[in-house]
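In what follows, a single structure is set out as structure tokens and then discussed.
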Amino acid sequence: MHEQVMIEPSISKEHIGRIYKMISKIPFFNESRISEIEILPGGLTNNNYKVTIGGVTYAVRLAGAGTMEYLNRPAEKHNAQLMADIQISAPIIYYDETTGNQVCKYIDDCKTLHIPDFKEERQYLSMAAKVFKKYHDCQKEFISVFNPLKEIDIYMKLLAEKNSEFYEGAETMEKKIEEIKELFKNNPPPQAPCHNDPLCENWLDDKKNFYLIDWEYGGMNDPLFDLGALAIEAELTDEQERFFLKEYYGGDLTDKQIGSLIINKFLCDALWSYWAVLQIAMGKSREEYWPYGLNRFKRAYALIHDGSLDRAIKANQ
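Written out as structure tokens, the structure reads:
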């Protein structure tokens with residue numbers, strides 16, 4: 001008699017088939033059967049599922065179509081393993097470097113964080129600052145580099161090749177991007193292992209450890225890019241940003257440190273606005289990605305309009 005498999009009705013037959021095919025080819029699961037498949041929330045690029053196999057829960061990622069064009073999957077495998085080794089990320093069971101499909105141990109009895117958690121509970125900002133500090137200062141080397149300026153250039157080139165439109169006002173944004181290139185040429189920012197996409201939903205709290213998962217954009221970068229990204233994703237107020245920065249640096253802040261956060265917030269929003277339009281050029285939903293990118297673009301543009309970015313650049317010269 002076969003054990004009944006519980007599968008969420010909204011999961012497509014195609015994805016169910018892909019999950020079964022992947023698990024069947026992994027020697028680790030030779031003696032085990034799938035008993036449950038559930039959808040995991042979050043993620044614009046990939047599809048994520050909680051899969052119970054042999055009574056143990058795992059997080060299964062089906063990589064998004066076309067991601068090999070702009071993601072370094074072998075580097076992700078290396079980087080994510082380093083973070084698992086120091087208990088920042090979940091243990092990796094299986095990783096396919098050719099597709100980006102992945103199976104990790106699911107963090108049981110954990111809370112997936114969301115925007116209100118960071119906005120309403122200071123402890124999570126403090127905990128995130130400590131996690132950032134731990135791996136930024138871990139002295140380990142990622143085998144990839146995540147340079148937001150070069151990533152923007154790549155996305156812009158791909159958009160030009162696909163003859164795609166972009167948001168009105170792009171010329172002004174590109175001018176400021178060139179100014180930052182010149183700033184970093186003369187004053188290179190520090191480099192450390194960085195996550196580069198620390199969405200609120202990538203943080204997990206099991207009351208024993210605070211995890212940061214999903215390292216597909218991981219690479220050596222300015223540590224302040226991670227802080228700027230979380231400040232944006234968590235919709236922090238100016239006061240919350242200062243608290244967050246103080247928790248990270250462990251003391252009073254300089255104009256240069258505050259300015260570096262602003263520069264990286266600008267680069268983060270600019271980067272993902274180009275990324276969003278690229279998703280449309282690659283065949284994904286305009287209704288979903290155009291507004292997402294436009295929101296990013298407008299927020300980056302606001303830093304130009306109110307003079308914050310110019311002051312930040314000056315403080316870092």
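First residue of the sequence shown: 1, per full-length UniProt numbering; consecutive thereafter.
Every residue gets a Cβ at the ideal spot worked out from N, C-alpha and C, and that includes glycine.
What you are looking at is a predicted structure, and each value in this text was computed from that prediction instead of being measured.
Going by beta carbon distance, what residues of the same chain come within less than 7 Å of residue i, once the five residues before and after it are set aside?
i, result
"A90", "A59, A84, C104, K105, I107, Y211, I213"
"V131", "I88, F210, L212"
"A63", "N46, T99, G100, N101"
"E97", "R73, P74, K77"
"K50", "E38, L40, T57, A59, Y106"
"residue 320", "The first residue shown for the chain is 1 and the last is 317, placing residue 320 beyond what the model contains."
"F166", "L159, V277"
"I16", "I7, I37"
"K298", "none"
"A300", "M173, F266, D269, A270, S273"
"K133", "Y248"
"E235", "I115, K119"
Does DSSP put residue i in a helix, in a strand, or in coil?
i, result
"M1", "Here the model assigns M1 a pLDDT of 46, short of 50, so the residue's position is not dependable and the matter cannot be decided."
"D205", "strand"
"K50", "strand"
"K25", "coil"
"E287", "helix"
"R122", "helix"
"L62", "strand"
"Y211", "strand"
"E179", "helix"
"S144", "coil"
"N187", "coil"
"C194", "strand"
"S35", "strand"
"G250", "coil"
"N30", "coil"
"T112", "strand"
"I258", "helix"
"I19", "helix"
"residue 320", "Nothing about residue 320 can be read from this structure; the chain reaches only from 1 to 317."
"I11", "coil"
"G219", "strand"
"M6", "strand"
"F266", "helix"
"R296", "helix"
On a CA-only basis, which of the options is nearest residue i? Give me that one, please.
i, options, result
"L40", "Y95, L113, L149", "L113"
"C138", "K181, Q123, Q87", "Q87"
"E141", "K298, G218, L71", "G218"
"I258", "D205, P148, L309, T172", "L309"
"L125", "I26, L227, L82, L294", "L227"
"D255", "A312, E239, H305, L271", "A312"
"W203", "P291, R299, E8, C110", "C110"
"N163", "A129, S12, A281", "A281"
"A80", "S144, K185, D117", "S144"
"K176", "E14, P9, I304", "I304"
"I11", "I23, S24, N48", "N48"
"C194", "W290, L82, I180, N295", "L82"
"V5", "I115, T52, G251, L236", "T52"
"E120", "P291, C268, A128, Q240", "Q240"
"H136", "P148, P223, G307, R286", "P223"
"D153", "K284, K181, E235", "K181"
"E168", "K21, K185, N295, A315", "N295"
"N316", "M220, D238, N187", "N187"
"A65", "G283, D238, W290", "G283"
"K205", "A128, K133, E288", "It is worth fixing the name first, because residue 205 is Asp in this sequence and not Lys. Nearest of A128, K133, E288 to D205, Cα basis: A128."
Taking 7 Å as the cut-off, is the C-beta of residue i nearer than that to any heavy atom in the ligand MG?
i, result
"G251", "Of ligands this structure carries none, so the ligand MG is not represented either."
Beta-carbon within less than 6 Å of residue i's beta-carbon, same chain only, minus the 5 sequence neighbours each way: which residues are those?
i, result
"R18", "L62"
"L71", "E216"
"P148", "L267, L271"
"Y94", "I26, V103"
"G54", "S32"
"K13", "none"
"G293", "S273, A276, V277"
"V289", "A quick correction: the sequence has Tyr, not Val, at residue 289. Closer than 6 Å at Cβ, skipping near neighbours: A276, Q279, I280."
Spatial neighbours of residue i within its chain, please: CB distance less than 8 Å, with the 5 preceding and 5 following residues excluded, ordered by chain position.
i, result
"M1", "Low confidence applies here, because M1 scores a pLDDT of 46, under 50, leaving its location unreliable; read the following figure in that light. Within the same chain, M1 has no close Cβ partners at all."
"R242", "L253, I258"
"E179", "I313"
"N221", "V145, F146, N147, P148, Q191, A192, C194, N196"
*Evaluate contact between the region 196-212 and the region 24-31, counting only Cβ atoms and requiring at least three cross-stretch pairs below 8 Å.*
no
*Using 8 Å as the threshold, is the region 262-278 in touch with the region 225-240, meaning 3 or more CB pairs across them?*
yes
*Can at least three beta-carbon pairs, one atom from the region 273-282 and one from the region 148-163, be found at a separation below 8 Å?*
yes
_Unbroken stretches of the beta strand (DSSP E), 3 residues or longer, contained in the region 65-108_ = 92-95, 102-105
_For the pair the region 235-253 and the region 165-176, tell me if three or more CB-CB distances fall below 8 Å._
no
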